[in-house]
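A.B. asks: Can you read through this structure? Questions will come right after.
There are 2 protein chains.
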Amino acid sequence: MAPPFSRLEYADRLNRTRTAMQANGCDVLVIGDPANVNWLTGYDAWSFYTPQIMVVGLDLEPTWIGREMDAGAASFTTYLPAEQVIPFPETYVQQTAVHPAQFMAEWMKSKGLNGKRIGYEADVYYLTPAAVEHLKGGLPDSQWTDCELLVNWQRLIKSPAEIVMLQQASEIAGLAMQTAYDGVRPGVRQNDLMADIIAAQIKGTPEFGGDQTALHPLVLAGEAASTAHPMWTDTTFQKDQTIAFELGGCRKRYNAGLARTVHLGEPPKTLITTAKAVGEGMDEVLNAMKSGAQCCDVHAAWQAVLDQYGLEKKSRIGYSIGLGYSPDWGEHTISFRPDDKTVLPENAVVHIILGMWMDGWGMELSETIHVRENDAICLTQFPRDVHVIDV
Amino acid sequence: MAPPFSRLEYADRLNRTRTAMQANGCDVLVIGDPANVNWLTGYDAWSFYTPQIMVVGLDLEPTWIGREMDAGAASFTTYLPAEQVIPFPETYVQQTAVHPAQFMAEWMKSKGLNGKRIGYEADVYYLTPAAVEHLKGGLPDSQWTDCELLVNWQRLIKSPAEIVMLQQASEIAGLAMQTAYDGVRPGVRQNDLMADIIAAQIKGTPEFGGDQTALHPLVLAGEAASTAHPMWTDTTFQKDQTIAFELGGCRKRYNAGLARTVHLGEPPKTLITTAKAVGEGMDEVLNAMKSGAQCCDVHAAWQAVLDQYGLEKKSRIGYSIGLGYSPDWGEHTISFRPDDKTVLPENAVVHIILGMWMDGWGMELSETIHVRENDAICLTQFPRDVHVIDV
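Given below as C-alpha cells:
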C-alpha cells in the first residue's frame, strides 16, 4: 500500500497551504478535519473517532498526532517519516481526568510553538470545544485564530490525478444508480435494495474498487420523501410511490454524488411538471457553469426556470465536492445560492443537487460536474428523466 | 413510520435525564450528540452534518433545532409536537457571516433561558467550538458547564426493548461474520468481500432489516493488520495471511460489535499461541462479568491470562455499546481497564474487544455482552476460535 498521489502532489498541496497560512498571519495550523489531514498527507484510517490532529507549521513539517494503536496506519498510507507520527498513549483515551489534547499541547510546546500565531479549525466535526480548550490552555502565550476552511479552500481546484479519482467515483455512482433502477419494485424492502446498491458501490469495477460514501446513501420514499435526509427502513416500496435516490460513489475517500427519481406506476401530473422544470433547470445550470462564472449566476440560471414554472426552492442547489469522511462529502466552501459571489475556477468539481421536498412527496436530480475553462461536464453519464416503472 | 420505543419509555428517559441535570445543577441541557438526541426522542435522520441540537430544560420540553429541510424527519421519527421542532432557515447553512448557532441562541433567549444554568456537551463530534462560542455569546448571562456524558451515562442501563434491539443487531452481526467466513479466500479482493458483508448487514433477516454500523466495518489483513482501524483496499487476500474482521450489526442505530480472525493456510505458531491466550482471556472475562463487578476487576481477569502467556496489550479491552451514529458505536462512558472502578449495573451491554496488533500481523476476538444479575451472556452465538481455511 502507498499513498494515492505522488510525493510531488503532496508537496504542492503543502506549499499552497503554507502560502495561505502566511496570508492569514499563521505560523502554525492545527487541523482537525480528517479529510484535510488526508489531503495533505494521504493519512487514511477510521481513527478520528478518538482525538486526532495534524500540526503544520511554516517551519514545522506536517505531524500527525493520534492514538497509539492507529499510528501504524501512517506507515502505509503516508510518506511521513516516523518523527512526524506522534502517538498519544492509550491512557489518554476517553478518560475524565486527562484528555488527548493535553498531550498534543505538551508536544506542541516542546516544539517551541507556545507564543506562535496558531490557526485552528473551529467549525469541523472532529475537533471539539474540550480539545480546543486544552490546546489553548497548554499554549497560553499563543494567539489563536479560527482558520476553518483554510485547507478546504485549497482543495477547491482539483489536480489531474484528483479528477481521475472523481471520474472513477462517478463511474461507481452510475453503477449504484443502475442497481437502484434494476431492483426498485413494489414489495421490495427498502433495506434489501439499499444493501444491493451499497454492495455495488463498494465492489466498484474490475479495475478499481469502491468505498463507503461519506454521505449516507439516501432513499426518499413515501412520507419520508418530504424531508431531505431520512434513513431507510425495512418497509416495502409501494405502487404509486415517487422515490428519490441520493447515492454516489467513493474512491479512496473521493466522493461523487448522483441523485435520480423513480416512479412506480403512472406518474402524477405534479411530478411530471416538477420534473420538467428540474430537468430544464439542470440544463440551464450546465450552460451557465464554466470557469469565471460566479456561483450566484449559476443559481440565477436555475431560479429563472423555477420562476417560469411558479416553483420554489429555499435551499442552495449545490456545493464543492471531493475528499470527505462521514458524515459529509461537501467541502463547505462554495455554495450555489443567490448571495455566493465566488468565481468558479477551472477544475473545480461541484455537486448540483436539485432536491424538491414537497408536501408529502419529493424528487431529486443531481450531477457531479467538472468545471472546465469554457464549459462544464457531468462526470456520470446517466439519463436524467424521472424513471417510470410500469407496475 | 413511528419511533421505535413507546411514549412511556421516552418519558422515562427524559425523567432520568432531568434528574441527572438537577444533580448536576443544570436548568437546561444543550445536546449535540445525535445518539443522545435519538435516545431522548427517537429523532433519526442523516441531518447532523449541519448544526443540530436538542435543548432540554427542567421546565422546557425537549426541542429539536436543526436545518429546515430536515425538520420533516421529526414528524415521522418522534412524538414531538410541532412546537418542539424549530427549523433554522437555509440562509444560515455554511455561511461565513452567520452561523446556525446564532439562530439557536436567539431561540433559547426568546424562551427566557439567558441567565439559566446551562450544561452542554463539550467533547462530542457534532457540537463544534464555533457553535458553542455563538451559543455562549448569545446567552451571556448564563453559567455554562460541561455536561458531556450526562445523557450517555443514562444510556448505560438498557431497557428490555433496547435489549431486544441489541439482540437483533447481534443476530445480524453473526450473519455478517458468516458471510466473511464464506467468502474470504486468496485472490478475492478485500472490497468485494466487504461489499458482500455489508450487504448482509443491511439485509438483516426476513423479520427485521439492518442499518449501516456506526463504526466503519474493518478488515485487518497483511501489513494493515498491525494497526487497529485501517480502511479496506482493492488488493486481494493472500495465502498465509491472518485476517481479522471487526464487523457487527446495526438495528435502528443500535450497534452490536463482533470481531473474529481467519487464517488462510497453515496457521503459524505465534498465532496459535496468541489465539489460545485470547480465547482463555475471553472466557475469564465472561466469568468475571456480572452486575456488581467492577470494570477493573474484569480487566484484571484478562490481564492474569495475558501475564501467564507473557503477552502485552496496552489498550482497554472494552466499553459500553449501543445507540450510535458514525463514526463510533461506543458510548464513551465505561472502559474496561485497570483504573476504571465503575460498578457494572444489570442490563449494561458492553463490547469486549481483544485486539492484538502485533509486529506485522494482528488478530481480534470480540463479543457483545449482556450483563445480567448473576452472569453475562454473549448476544451473538458464533464460534470463537481462529477460523483456519485450508488453501
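Just so you know, the sequences run in chain order A and B. Residues 1 to 391 (the working numbering) are what the first sequence spells out, left to right. Residues 1001 to 1391 (the working numbering) are what the second sequence spells out, left to right. The beta carbon of each residue, even a glycine, is placed where N, CA and C say it ideally should be.
1) Who are the Cβ neighbours of residue 211(A) in its own chain at under 6 Å, not counting the five residues just before and after it?
2) Just reading off the beta strand (DSSP E) that residue 1146(B) is part of, what are its end residues?
3) Mind listing, in chain order, the continuous alpha helix (DSSP H) runs of no fewer than 4 residues lying wholly within the stretch 285-365 of chain A?
4) Would you check if there are 3 or more beta carbon pairs closer than 8 Å linking the stretch 58-72 of chain A to the stretch 172-183 of chain A?
5) With DSSP as the reference, identify every bridge partner of residue 120(A), one or two as the case may be.
6) Would you report the Cα separation of residue 287(A) and residue 279(A), rounded to the nearest angstrom?
7) Where DSSP assigns a beta bridge to residue 1220(B), which residues make up the other side?
8) Below 7 Å between beta carbons is the criterion; list the residues of the stretch 43-64 of chain A that meet it against any residue of chain B, in chain order.
9) For residue 1085(B), which beta-bridge partners are listed by DSSP?
10) Under 8 Å between the Cβ atoms of residue 1303(B) and residue 1343(B)?
11) Pop quiz: residue 104(A) and residue 163(A) are said to be a contact at Cβ under 8 Å. What is the actual Cβ separation, rounded to whole angstroms?
12) Could you check which residue in 1041(B), 1385(B), 1348(B) and 1040(B) has the C-alpha nearest to that of residue 1374(B)?
13) Could you tell me which of 1029(B), 1019(B), 1036(B) and 1040(B) sits nearest to residue 1008(B), measuring between CA atoms?
14) Figure out for me which residue from 223(A), 315(A) and 115(A) has the closest Cα to the Cα of residue 145(A).
15) Does any C-beta atom of chain A lie closer than 8 Å to the C-beta of residue 1212(B)?
16) Sort 257(A), 307(A), 223(A) and 352(A) by Cα distance to residue 1075(B) and report the nearest one.
17) Quick check: residue 1281(B) and residue 1353(B), are their CB atoms within less than 8 Å of each other?
18) With a threshold of 8 Å, are at least 3 pairs of Cβ atoms found where one atom belongs to the stretch 232-245 of chain A and the other to the stretch 1199-1215 of chain B?
19) Runs of 4 residues minimum, wholly inside the stretch 245-283 of chain A: which ones carry the alpha helix (DSSP H) assignment?
20) Which of the residues in the stretch 228-242 of chain A, read from start to end, lie with their CB under 8 Å from any CB of chain E?
21) Taking residue 357(A) as the reference, which of 83(A), 100(A), 317(A) and 391(A) has the closest Cα?
22) From the DSSP output, which residues share a beta bridge with residue 387(A)?
23) Can you round the beta-carbon distance between residue 254(A) and residue 156(A) to whole angstroms, since I take them to be within the 8 Å contact cut?
24) Would you say residue 1307(B) reaches chain A, if we count a Cβ-Cβ gap shorter than 8 Å as a contact?
25) State the CB to CB distance for the pair residue 215(A) and residue 248(A), rounded to an integer number of angstroms; the pair is presumed to be in contact (CB under 8 Å).
26) Out of 71(A), 92(A), 1(A) and 127(A), which one is the CA nearest neighbour of residue 29(A)?
27) Kindly indicate which residue of 1325(B), 1384(B) and 1376(B) has the alpha-carbon position closest to the one of residue 1125(B).
28) Could you check whether the Cβ of residue 117(A) sits closer than 8 Å to any Cβ belonging to chain B?
29) Go to residue 54(A), then tell me how far its alpha helix (DSSP H) extends in each direction, as first and last residue.
30) When we look at the beta-carbon of residue 1050(B) and count the other beta-carbons within 10 Å, is it buried (16 or more) or exposed?
31) Can you name the start and end residues of the alpha helix (DSSP H) that residue 23(A) belongs to?
32) Within 8 Å of any Cβ in chain B, is that where the Cβ of residue 245(A) sits?
33) Give me the chain B residues within the contact set of residue 218(A), using Cβ-Cβ distance strictly less than 9 Å, ordered along the chain.
34) Find the residues of chain B that neighbour residue 124(A), judging by a C-beta separation of less than 7 Å, and give them in chain order.
35) Does residue 202(A) have its Cβ less than 8 Å from a Cβ in chain B?
36) Quick one: what does DSSP say residue 1091(B) is sitting in, helix, strand or coil?
C.D. replies: Reading off the structure:
1) 250
2) Per DSSP, residue 1146(B) is one residue of the beta strand (DSSP E) stretching across 1143-1146.
3) Correct list: 295-309.
4) No, they do not touch.
5) 30(A) and 146(A)
6) 13 Å
7) 1244(B)
8) 44, 45, 46, 47, 48 and 49
9) For residue 1085(B), which the question treats as bridged, DSSP gives the partners 1064(B).
10) no
11) Going by Cβ atoms, the distance from residue 104(A) to residue 163(A) rounds to 35 Å, so no, they are not a contact pair.
12) The candidate whose alpha carbon is nearest that of residue 1374(B) is 1348(B).
13) Ranking the options by Cα distance to residue 1008(B), first place goes to 1040(B).
14) 115(A)
15) yes
16) When the alpha-carbon of residue 1075(B) is set against those of 257(A), 307(A), 223(A) and 352(A), the nearest one is in 223(A).
17) no
18) yes
19) none
20) Annotation note: the requested chain E is absent from the structure, which comprises protein chains A and B.
21) With distances taken between CA atoms, residue 357(A) lies nearest to 317(A) out of 83(A), 100(A), 317(A) and 391(A).
22) 262(A)
23) No, residue 254(A) and residue 156(A) are not in contact; Cβ-Cβ is about 14 Å, not under 8 Å.
24) no
25) 7 Å
26) Nearest option by C-alpha distance: 127(A).
27) 1325(B)
28) no
29) Segment 53-57 is the beta strand (DSSP E) holding residue 54(A); no alpha helix (DSSP H) there.
30) buried
31) 7-23
32) It does not; no Cβ of chain B falls within 8 Å.
33) 1046
34) 1128
35) yes
36) helix
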